[in-house]
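Everything below concerns the one structure shown next.
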Ligand code: DX5
Ligand code: ZN
């Protein structure tokens with residue numbers, strides 16, 4: 047199990063003052079910045095791209111930027127995100143014609159590579175590629191929007207992926223994304239997640255330090 051990471055999803059931040067919002071969640075105890083990229087093609091929504099990632103780096107953000115690509119095709123945007131300062135780049139296997147090649151492409155650009163499993167994607171997609179990954183991201187909502195409810199079957203899926211990661215003996219993170227709140231994060235952690243994305247639960251709270259503190263306390267039991 048890797049050290050706990052709380053990664054606020056900036057999808058729920060105030061985009062009119064994004065730099066300040068990111069500074070504020072990091073000052074409040076967040077570890078990573080979760081950066082949701084949607085293309086109105088692979089998912090029914092349109093968000094932000096490499097220019098905004100680069101702008102956050104120029105603004106002075108030094109924390110890891112965790113890029114969640116919900117785009118198709120994947121490969122041609124990878125070098126742009128690497129250049130823009132992405133730390134981790136994760137993608138959906140359904141959006142890439144050659145999953146193994148995309149993983150190698152991400153790593154060849156000096157970033158960590160993650161594979162994202164939608165709620166209905168079987169975990170067998172991890173066969174033959176798990177040991178090359180730095181991170182597995184399980185979706186506990188269908189991708190495209192913030193503020194949806196956690197799908198309970200994700201807990202069993204987390205336990206099964208945790209088993210596989212442990213069996214591999216590799217330092218692979220297990221990240222969960224969608225509907226994570228201070229009041230359900232303890233059972234999500236118990237199921238095996240070590241990296242927690244939370245958008246609306248953090249950015250809709252008045253006091254970022256309070257909610258992030260409660261999340262960390264709940265994970266630590
Ligand atoms: C959904 C995104 C999530 C989203 C999570 O497609 O990948 O990162 O921002 O938002 P909440 O935490 O509100 O469910
Ligand atoms: Zn995400």
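Residue numbers (the working numbering): 47 to 267.
Heads up, the beta-carbon is just placed ideally off N, CA and C, and yes, glycines get one too.
(request) Just mark residue 61 as buried or exposed, buried being the case when its beta carbon has 16 or more other beta carbons within 10 Å. (result) exposed
(request) Within 10 angstroms of the Cβ of residue 205, are there 16 or more other Cβ atoms? Answer buried if so, exposed if not. (result) exposed
(request) Quickly, what does DSSP pair residue 184 with across the bridge? List them, please. (result) 163 and 222
(request) Look at the alpha carbon of residue 168 and the alpha carbon of residue 207, and state the distance between them as a whole number of angstroms. (result) 11 Å
(request) Please classify residue 133: does DSSP put it in a helix, a strand, or coil? (result) coil
(message) Contact between the region 215-233 and the region 242-262 is defined here as three or more beta-carbon pairs at a separation below 8 Å; is this criterion met?
(response) yes
(request) Within 10 angstroms of the Cβ of residue 219, are there 16 or more other Cβ atoms? Answer buried if so, exposed if not. (result) buried
(request) With a cut-off of 5 Å, give the chain-ordered residues whose Cβ is closer than this to any heavy atom of the ligand ZN. (result) 82, 114 and 223
(request) Would you kindly report the start and end of the unbroken beta strand (DSSP E) that includes residue 84? (result) 79-84
(request) Spell out a yes or no on whether the region 81-95 and the region 185-196 are touching, meaning 3 or more CB-CB pairs, one atom from each, closer than 8 Å. (result) yes
(request) Find out if the Cβ-Cβ distance for the pair residue 113, residue 132 is shorter than 7 Å. (result) yes
(message) When you compare the CB positions of residue 180 and residue 159, do they come within less than 7 Å of one another, or not?
(response) yes
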